[in-house]
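A quick write-up on the structure given underneath.
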Ligand SMILES: NC(=O)c1ccc[n+]([C@@H]2O[C@H](COP(=O)([O-])OP(=O)(O)OC[C@H]3O[C@@H](n4cnc5c(N)ncnc54)[C@H](OP(=O)(O)O)[C@@H]3O)[C@@H](O)[C@H]2O)c1
C-alpha cells in the first residue's frame with residue numbers, strides 16, 4: 001500500500017478543515033503542528049459534528065521527514081513560523097500553501113525550490129463557534145496552480161468532501177479574489193456592519209471606486225481581468241443577504257489582527273510600485289492599520 005507522511009502546519013479554521021479532509025489511508029502518517037496546543041479536530045459541517053483526536057506538536061527539536069507539508073497560516077504569521085519551516089521542509093518535501101493573497105510561494109522560497117510548491121486558493125467560509133467547533137459553511141473548493149500536480153494533490157484528500165479545480169492563470173484568479181474580498185472586507189470592517197450597508201448608494205459608489213483601484217493595479221501586475229468583472233461583482237454585491245459578513249469583519253469583531261497585507265495592503269503596495277493612483281485604498285489602509293493590533 002502506498003504510504004505518505006503528511007504534515008499540516010497551522011491548525012486553525014482552515015487547518016482543521018484540511019485535517020478533517022485527509023484521505024483516511026494517510027491518517028496514521030499525518031502530523032499536526034501548531035503554535036498553541038490542540039488535542040482534537042472539531043468541525044461542524046452539514047449540521048454534523050466531526051471530532052477526532054490528533055497528536056499535535058507545538059515544538060519540534062529536529063528535522064522531520066515529510067513527503068507533503070500543507071501550510072494553513074495567515075500571511076502575517078509566516079514571519080514567526082520560519083523555524084517550523086526550516087525543520088518541516090526537507091529536500092524532497094512537496095509544499096502546499098493555502099492562504100489568501102498573492103505570491104504565496106514567496107515566504108517559502110528560502111527553504112525549497114519553486115518546483116516543490118503548490119499554491120492554492122480556498123473558497124470555504126469557516127467560523128469559530130461558541131461550542132469550540134469550527135463551523136464549515138459549505139463544501140470547500142480548492143483551486144490549485146499546477147495542473148500537472150492534480151492527481152497526486154487530489155490523492156491526499158477524501159475527494160467526496162471537497163471540490164478541486166486547476167487554473168492555468170493562478171495570478172488572475174488570485175487577483176480577482178483579492179479585489180473582491182478586500183473591497184467588501186474593508187467597507188464591512190470599517191463600518192463594523194454586515195452587507196445591509198450596501199443598500200446606501202454612497203456605499204455602493206465607494207465599493208465601485210475601491211474595486212476599480214484594485215483592478216487597475218491587478219492589470220498593471222499582469223492579471224487578465226475584463227471590464228465585465230466590475231458589473232459581475234456589483235450584481236453579486238446587491239444580491240448578498242443583509243446579514244452577510246466577511247473574514248475581515250469577523251477578525252475585527254473578534255479582536256484578531258486583520259489580514260491587511262494580503263488584501264488592501266497588497267493593492268496599495270503594488271499600486272505604488274506600478275505608479276497607479278489608489279487614493280481610496282491608501283486611506284483605508286491607513287485607517288485599518290490603526291485599528292489592527294500588532295501581529296500575534
Ligand atoms: N477562515 C476562513 O473562513 C477562511 C476562508 C478562506 C481562506 N482563508 C485563508 O486561509 C488562511 C488561514 O486562515 P485561518 O482562518 O485558518 O487562520 P487561523 O484560524 O488564525 O489559523 C491559523 C493557525 O496557525 C497557527 N499559527 C499562527 N502562527 C503560528 C506559528 N508561528 N507557528 C505555528 N502555528 C502558528 C495559529 O495558532 P494559534 O492556535 O496559536 O492561534 C492558528 O491555529 C488565511 O490566509 C485565510 O485568509 C480563511
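Numbering (full-length UniProt numbering), first residue to last: 1 to 296. Ideal Cβ positions, reconstructed from N, Cα and C, are used throughout, including at glycine. For clarity, every value in this text was computed on a predicted model and none was experimentally measured.
What residue does the beta strand (DSSP E) around residue i start on, and which one ends it?
{"i": "residue 68", "result": "68 to 71"}
{"i": "residue 128", "result": "126 to 128"}
{"i": "residue 134", "result": "134 to 136"}
{"i": "residue 120", "result": "117 to 123"}
{"i": "residue 8", "result": "6 to 9"}
{"i": "residue 94", "result": "94 to 98"}
{"i": "residue 144", "result": "141 to 144"}
{"i": "residue 165", "result": "163 to 166"}
For the candidate residues the options, whose alpha-carbon lies nearest to that of residue i?
{"i": "residue 82", "options": "10, 17, 14 and 133", "result": "10"}
{"i": "residue 169", "options": "161, 145, 181 and 159", "result": "145"}
{"i": "residue 117", "options": "90, 57, 21 and 55", "result": "90"}
{"i": "residue 241", "options": "274, 199 and 131", "result": "199"}
{"i": "residue 87", "options": "61, 281 and 99", "result": "61"}
{"i": "residue 125", "options": "234, 283 and 17", "result": "17"}
{"i": "residue 158", "options": "173, 20, 135 and 2", "result": "20"}
{"i": "residue 192", "options": "247, 109 and 219", "result": "247"}
{"i": "residue 180", "options": "236, 254 and 161", "result": "236"}
{"i": "residue 42", "options": "75, 112, 131 and 196", "result": "131"}
{"i": "residue 263", "options": "92, 102, 27 and 215", "result": "102"}
{"i": "residue 233", "options": "8, 194, 15 and 177", "result": "177"}
{"i": "residue 24", "options": "104, 275 and 6", "result": "6"}
{"i": "residue 67", "options": "147, 289, 129 and 4", "result": "4"}
{"i": "residue 47", "options": "229, 205, 136 and 65", "result": "136"}
{"i": "residue 290", "options": "190, 243 and 208", "result": "190"}
{"i": "residue 261", "options": "270, 253 and 255", "result": "270"}
{"i": "residue 167", "options": "161, 211 and 121", "result": "121"}
{"i": "residue 27", "options": "35, 8, 36 and 12", "result": "8"}
{"i": "residue 73", "options": "123, 219 and 15", "result": "15"}
{"i": "residue 133", "options": "44, 205 and 160", "result": "44"}
{"i": "residue 161", "options": "50, 210 and 225", "result": "50"}
{"i": "residue 214", "options": "196, 228, 266 and 201", "result": "266"}
{"i": "residue 119", "options": "143, 128 and 112", "result": "143"}
Apply the 10 Å Cβ neighbour rule to residue i and answer buried if 16 or more other Cβ atoms are within range, or exposed otherwise.
{"i": "residue 163", "result": "exposed"}
{"i": "residue 277", "result": "exposed"}
{"i": "residue 279", "result": "exposed"}
{"i": "residue 296", "result": "Note that residue 296 scores 49 on pLDDT, short of 50, meaning its location in the model is unreliable; the coordinates nonetheless yield the value given after this. The residue in question, residue 296, is exposed, as its Cβ has fewer than 16 Cβ neighbours within 10 Å."}
{"i": "residue 287", "result": "exposed"}
{"i": "residue 174", "result": "buried"}
{"i": "residue 71", "result": "buried"}
{"i": "residue 107", "result": "buried"}
{"i": "residue 53", "result": "exposed"}
{"i": "residue 274", "result": "exposed"}
{"i": "residue 285", "result": "buried"}
{"i": "residue 297", "result": "Lying before the first or after the last residue shown, residue 297 is absent from the chain, which here runs from 1 to 296."}
{"i": "residue 109", "result": "exposed"}
{"i": "residue 76", "result": "buried"}
{"i": "residue 2", "result": "exposed"}
{"i": "residue 272", "result": "exposed"}
{"i": "residue 99", "result": "buried"}
{"i": "residue 38", "result": "buried"}
{"i": "residue 221", "result": "buried"}
{"i": "residue 156", "result": "buried"}
{"i": "residue 95", "result": "buried"}
{"i": "residue 79", "result": "exposed"}
{"i": "residue 243", "result": "exposed"}
{"i": "residue 182", "result": "buried"}
{"i": "residue 253", "result": "exposed"}
{"i": "residue 205", "result": "exposed"}
{"i": "residue 255", "result": "exposed"}
{"i": "residue 147", "result": "exposed"}
{"i": "residue 259", "result": "buried"}
Specify, as a first and last residue, the run of the alpha helix (DSSP H) that residue i falls within.
{"i": "residue 210", "result": "201 to 220"}
{"i": "residue 82", "result": "82 to 88"}
{"i": "residue 18", "result": "13 to 19"}
{"i": "residue 151", "result": "150 to 154"}
Is the segment 143 to 157 close to the segment 182 to 197, with three or more CB pairs under 8 Å? no
Taking the runs of the beta strand (DSSP E) that are 3 residues or longer, which of them lie wholly in the segment 29 to 60? 30 to 33, 40 to 45 and 48 to 53
Give, in chain order, every unbroken run of the alpha helix (DSSP H) that is at least 4 residues long and sits entirely within the UniProt domain "Ketopantoate reductase C-terminal" (169 to 291). 170 to 191, 201 to 220, 228 to 239, 247 to 253, 264 to 274 and 279 to 291
Given 8 Å as the limit, is there contact between the segment 25 to 34 and the segment 57 to 74, that is, 3 or more CB pairs closer than that? yes
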